[in-house]
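So the structure is just underneath, and the comments pick up after that.
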Amino acid sequence: MITVAVLTLSDKGSRGEREDISGASIEEMLKSIDGVVKHYEILPDEKALIKSKLIEYSDKVDLILTTGGTGLSPRDVTPEATLEVIDREVPGIAEAMRFEGLKKTKRAMLSRAVAGVRGRTLIINLPGSPKAVKENLDVIMDVIPHAIEKIKGDTTECGR
Amino acid sequence: MITVAVLTLSDKGSRGEREDISGASIEEMLKSIDGVVKHYEILPDEKALIKSKLIEYSDKVDLILTTGGTGLSPRDVTPEATLEVIDREVPGIAEAMRFEGLKKTKRAMLSRAVAGVRGRTLIINLPGSPKAVKENLDVIMDVIPHAIEKIKGDTTECGR
Amino acid sequence: MITVAVLTLSDKGSRGEREDISGASIEEMLKSIDGVVKHYEILPDEKALIKSKLIEYSDKVDLILTTGGTGLSPRDVTPEATLEVIDREVPGIAEAMRFEGLKKTKRAMLSRAVAGVRGRTLIINLPGSPKAVKENLDVIMDVIPHAIEKIKGDTTECGR
Numbered sequence: 006m007i008t009v010a011v012l013t014l015s016d017k018g019s020r021g022e023r024e025d026i027s028g029a030s031i032e033e034m035l036k037s038i039d040g041v042v043k044h045y046e047i048l049p050d051e052k053a054l055i056k057s058k059l060i061e062y063s064d065k066v067d068l069i070l071t072t073g074g075t076g077l078s079p080r081d082v083t084p085e086a087t088l089e090v091i092d093r094e095v096p097g098i099a100e101a102m103r104f105e106g107l108k109k110t111k112r113a114m115l116s117r118a119v120a121g122v123r124g125r126t127l128i129i130n131l132p133g134s135p136k137a138v139k140e141n142l143d144v145i146m147d148v149i150p151h152a153i154e155k156i157k158g159d160t161t162e163c164g165r
Numbered sequence: 006m007i008t009v010a011v012l013t014l015s016d017k018g019s020r021g022e023r024e025d026i027s028g029a030s031i032e033e034m035l036k037s038i039d040g041v042v043k044h045y046e047i048l049p050d051e052k053a054l055i056k057s058k059l060i061e062y063s064d065k066v067d068l069i070l071t072t073g074g075t076g077l078s079p080r081d082v083t084p085e086a087t088l089e090v091i092d093r094e095v096p097g098i099a100e101a102m103r104f105e106g107l108k109k110t111k112r113a114m115l116s117r118a119v120a121g122v123r124g125r126t127l128i129i130n131l132p133g134s135p136k137a138v139k140e141n142l143d144v145i146m147d148v149i150p151h152a153i154e155k156i157k158g159d160t161t162e163c164g165r
Numbered sequence: 006m007i008t009v010a011v012l013t014l015s016d017k018g019s020r021g022e023r024e025d026i027s028g029a030s031i032e033e034m035l036k037s038i039d040g041v042v043k044h045y046e047i048l049p050d051e052k053a054l055i056k057s058k059l060i061e062y063s064d065k066v067d068l069i070l071t072t073g074g075t076g077l078s079p080r081d082v083t084p085e086a087t088l089e090v091i092d093r094e095v096p097g098i099a100e101a102m103r104f105e106g107l108k109k110t111k112r113a114m115l116s117r118a119v120a121g122v123r124g125r126t127l128i129i130n131l132p133g134s135p136k137a138v139k140e141n142l143d144v145i146m147d148v149i150p151h152a153i154e155k156i157k158g159d160t161t162e163c164g165r
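Protein chains in written order, with this note's numbering: chain A, 6 to 165; chain B, 6 to 165; chain C, 6 to 165.
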């Protein structure tokens, strides 16, 4: 079992003005890798609050998925909050999501998503729209179990 | 209308020893997105000077395009100057330019271009050669108007 | 002639518990660009030690290739050591290796390799497995001589 926290970043969602469809979609998709959502919160796009929640859930769960706040609007600060709490960046995860996204829409290049490791927890930013969340998770889902094994200290070699 | 500042980084160009073809080429290409060059300067590859000009034109124009200084020569410091003044990086823009460039030449991987947002202004580094400038702008031109709308505070969702 | 230092990062290798095949493989491949390995060391995955060796060999050789320590295991710190000693990052080199790697295996997105310049020396992280080392070097080998010429101060233009 892979334990997961989902943080939905949305000013409107946190005020109850918009239903969060992405959260439910993520929960359903995670079943394919035996992922179980243990914590789920909808937060406004406040960098200090996002950072504190990322820190709170690190080491409590194997994986933190954020959704939203990765674009260019002035309130989009999820990548900055993430960069400030991770110990080690995993740039290839975000690159792969954008690279695959570019095959569908040029706007994929505007996702500023980052991914990285804090302690023993993998943190991955996903975009806000349910469609983009699904497409992005499809790209990376297969490697998540292996990534988490490594983060937890498995020392067998990847290339063997 | 999208207002634009173009900064050409070239030691030789700033001394008048080389004509700047890239600047004129950029101006012509921007017409397709109703972009109008309001400021245009040729500067030597001096990091402090580049930074001060990027700061000066931020919030005055919607878009700052730099050309030159993105390579590996000791004097190439445009990416470093840009990284030091942006608030938020947009890594996918530079990735997309390199990724498309790789289809034509392996040397595309040596462009150290970065892109990001300072205040309400999008800043994008382009290479120095007129051919590479055209190829790189072709990759990203379509998403620039959308990116600028977002930066200015449009809160409608991308994925809808 | 291109002078090269190869640093193999491996806790097991540094204790003599595992033969380093990647080092020999790199030496053979470098012949195609007239590269000669002048220094070769096997080091444990200790960030401070890796940094001191990267600093020691910078300006002594044209190219430092590291192998290993780019994954997600807690001991993998080669990218962090590299980021702390380079003056200027060359993100496209690592992107190109991952991008080509993704065509073969999704796990390629988990390589956290970075590349950059310290003084007059190009530093490139490679993965640890001999197979991945070969595949990654194949992607970038052709551009290394040009990159090194530029780093050394050749001011002719790439795009001409």
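Beta carbons are placed, not taken as given, at the ideal position from N, Cα and C, and that holds for glycine.
Would you mind telling me which residues of chain B sit closer than 7 Å to residue i, beta carbon to beta carbon, in chain order?
i: Lys98 (chain C); result: Here the sequence assigns Ile to residue 98 (chain C), which means Lys is not the residue at that position. Those within 7 Å of Ile98 (chain C) in chain B are Met114.
By Cβ distance, which residues of its chain are closer than 6 Å to residue i, with the 5 residues on each side in sequence left out?
i: Ala99 (chain B); result: Ala118, Val119 and Ala120
i: Val106 (chain B); result: A small correction: the amino acid at residue 106 (chain B) is Gly; Val does not occupy that position in the sequence shown. Closer than 6 Å at the Cβ level, and outside the excluded window around Gly106 (chain B), lie Ala113.
i: Asn141 (chain B); result: Met102 and Leu131
i: Glu154 (chain A); result: none
i: Gly40 (chain B); result: Ile7 and Val9
i: Asp25 (chain B); result: Thr13, Gly18 and Ile47
So, at 8 Å on beta carbons, what are the nonlocal neighbours of residue i in its own chain, with the 5 sequence-adjacent residues on each side left out?
i: Lys139 (chain B); result: Ser30 and Met34
i: Ser27 (chain A); result: Thr13, Thr72, Gly73, Leu131, Gly133, Ser134, Pro135 and Val138
i: Ala101 (chain B); result: Val144 and Ile145
i: Thr75 (chain A); result: Asp81, Thr83, Pro84, Ser116, Arg117, Ala118, Asn130, Leu131, Pro132 and Gly133
i: Arg93 (chain C); result: Gly121 and Val122
i: Arg23 (chain B); result: Ser15 and Lys17
Starting from the beta carbon of residue i, find every residue of chain A whose beta carbon is closer than 8 Å, and list them in chain order.
i: Arg123 (chain C); result: Those within 8 Å of Arg123 (chain C) in chain A number zero; the least Cβ separation is about 19 Å.
i: Ala168 (chain B); result: With chain B represented from 6 up to 165, any question about residue 168 (chain B) goes unanswered, as that position is not in the structure.
Suppose the cutoff is 7 Å on Cβ atoms and the five residues either side in sequence are ignored; what does the same chain contact list for residue i look like?
i: Ala152 (chain B); result: Leu127
i: Pro49 (chain C); result: Asp16 and Ser19
i: Ala86 (chain B); result: Lys52, Ile55, Lys56 and Leu59
i: Pro150 (chain B); result: Ile7 and Ile38
i: Cys163 (chain A); result: Residue placement at Cys163 (chain A) is poorly supported in this model, since its pLDDT is 49, which falls under 50; the coordinates still yield a value, given next. Taken in chain order, the list of residues that qualify is empty.
i: Leu77 (chain A); result: Leu115
List the endpoints of the continuous alpha helix (DSSP H) containing residue i.
i: Glu89 (chain B); result: Thr83 to Val90
i: Lys58 (chain A); result: Lys52 to Tyr62
i: Val144 (chain A); result: Pro135 to Ile145
i: Glu100 (chain C); result: Pro96 to Leu107
i: Gly18 (chain A); result: Asp16 to Ser19
i: Glu22 (chain B); result: No alpha helix (DSSP H) holds Glu22 (chain B); DSSP gives it neither H nor E.
i: Ile38 (chain C); result: Careful: Ile38 (chain C) lies outside any alpha helix (DSSP H) and carries neither H nor E.
i: Ala113 (chain B); result: Premise fails: Ala113 (chain B) is in no alpha helix (DSSP H) and is neither H nor E.
i: Lys155 (chain B); result: Ile149 to Ile156
Since residue i meets chain C, which of its residues come closer than 7 Å, beta carbon to beta carbon?
i: Asp147 (chain A); result: Lys111
Residues of chain B with CB closer than 9 Å to the CB of residue i, please, in chain order.
i: Ala137 (chain C); result: By Cβ distance, chain B contributes nothing, its closest Cβ being about 18 Å from Ala137 (chain C), past 9 Å.
i: Gly158 (chain C); result: Ser78, Pro79 and Arg80
Name the chain C residues that come within less than 9 Å of residue i, Cβ to Cβ?
i: Ala101 (chain A); result: Arg103, Phe104, Leu107, Lys111, Ala113 and Met114
For residue i, report the span of its beta strand (DSSP E) as first-last.
i: Leu70 (chain A); result: Leu68 to Thr72
i: Val122 (chain C); result: Ala120 to Arg123
i: Leu127 (chain B); result: Thr126 to Leu131
Is there a Cβ from chain D that is less than 9 Å from the Cβ of residue i?
i: Leu14 (chain A); result: Absence of chain D from the displayed structure is noted, the protein chains being A, B and C.
Between the region 24-58 of chain A and chain C, which residues of the former have a C-beta closer than 8 Å to a C-beta of the latter? none
Give me the subset of the region 86-97 of chain C whose CB atoms are less than 9 Å from a CB atom of chain B, sorted by chain position. Asp92, Arg93, Glu94, Val95, Pro96 and Gly97
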